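Notes for the one structure printed next.
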Ligand SMILES: *[C@@H]1O[C@H](CO)[C@@H](O)[C@H](O)[C@H]1NC(C)=O
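Numbering (mature numbering (1 follows the signal peptide of the UniProt record, and there is no 0)), first residue to last: -26 to -1, 1 to 178.
Next comes the structure, spelled out in structure tokens:
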């Protein structure tokens, strides 16, 4: 279990790094965040064969469809990153009070003293990344995250509760109407767009 978790994390950090050097020109990736990620990758090392094993932690197929769907999926991805990084922070060894007070030149008697220092660096780097992700989520994905939370609640409906069952049936006429009219609207909008395209092509 630990091993698997570790390998997933390595993949995620790898993906973060990949995103940082990836196609999207990097214009949205601040230099300092890139540096932080490169630093973290020194700690969460992954092999080339792991990077290119064709299995992404976050499938990119979902990022090809409609803009609204992409935003929703991305909201979920950001949520997952937040959870994952919080988990990674918890897994770091806690700094011992001794090495925290004695500074960089703690005694070099064993590898055990070097670890908390390295972990401290990793911790602050992870915290930096976490902050970036939370900022992005809060500023640009508020609506999506709200929907995702509502979806999570749907999963926990009390299926065995007879009152819930009755009320759900009671609400169904409105829901059914709404679901159909939504789908219908979307289809009509699509058809209208197609027609306009054809017309403008004929006019040209
Ligand atoms: C991020 O850092 C790496 C390593 O220094 C560099 O090769 C890459 O070009 C940087 N990416 C961006 C988007 O700045």
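Even glycine gets a Cβ: it sits at the ideal position worked out from N, Cα and C. If you're wondering where the values come from, they're calculated on a predicted model, not measured in any experiment.
Which word fits residue i, buried or exposed, when buried means at least 16 other C-beta atoms lie within 10 angstroms of its C-beta?
i           : result
residue 96  : buried
residue 103 : buried
residue 63  : exposed
residue 125 : exposed
residue -5  : Residue placement at residue -5 is flagged as unreliable, the pLDDT there being 48, under the threshold of 50; the coordinate-derived value follows with that caveat. That one is exposed.
residue 135 : exposed
residue 68  : exposed
residue 150 : exposed
residue 10  : buried
Please tell me whether residue i and residue j are closer than 8 Å, where the distance is taken between their beta carbons.
i           : j           : result
residue 108 : residue 35  : no
residue 138 : residue 132 : yes
Using C-beta distances below 6 Å, list every residue in its chain close to residue i, excluding the 5 sequence neighbours before and after it, in chain order.
i           : result
residue 45  : 118
residue 148 : none
residue 49  : 115, 118, 119 and 122
residue 75  : Low confidence applies here, because residue 75 scores a pLDDT of 47, under 50, leaving its location unreliable; read the following figure in that light. Excluding residues within five positions, none has a Cβ falling inside 6 Å.
Hey, residue i and residue j are a contact pair by Cβ (cut 8 Å); roughly how many whole angstroms apart?
i         : j           : result
residue 7 : residue 106 : 6 Å
Is the closest heavy atom of ligand 3 to the C-beta of residue i under 7 Å?
i          : result
residue 67 : Looking at this structure, you won't find ligand 3 anywhere; what it does contain is ligand 1.
So, for residue i: in the same chain, excluding its five sequence neighbours on each side, which residues have a beta-carbon less than 8 Å away from its beta-carbon?
i           : result
residue 100 : 14, 59, 62, 63 and 66
residue 51  : 32
Tell me which residues share the same chain as residue i and place their Cβ nearer than 7 Å to its Cβ, disregarding the 5 neighbours each side in the sequence.
i           : result
residue 177 : none
residue 158 : none
residue 47  : 36 and 37
Counting only runs of 3+ residues fully inside the stretch 122 to 163, write out the beta strand (DSSP E) ranges in chain order. Unbroken beta strand (DSSP E) stretches of 3 residues or longer found wholly inside the stretch 122 to 163: none.
Which residue spans inside the stretch 12 to 65 form an unbroken alpha helix (DSSP H) run of at least 4? Every alpha helix (DSSP H) of 4 residues or more that sits fully in the stretch 12 to 65 is shown, in chain order, as 22 to 25 and 41 to 65.
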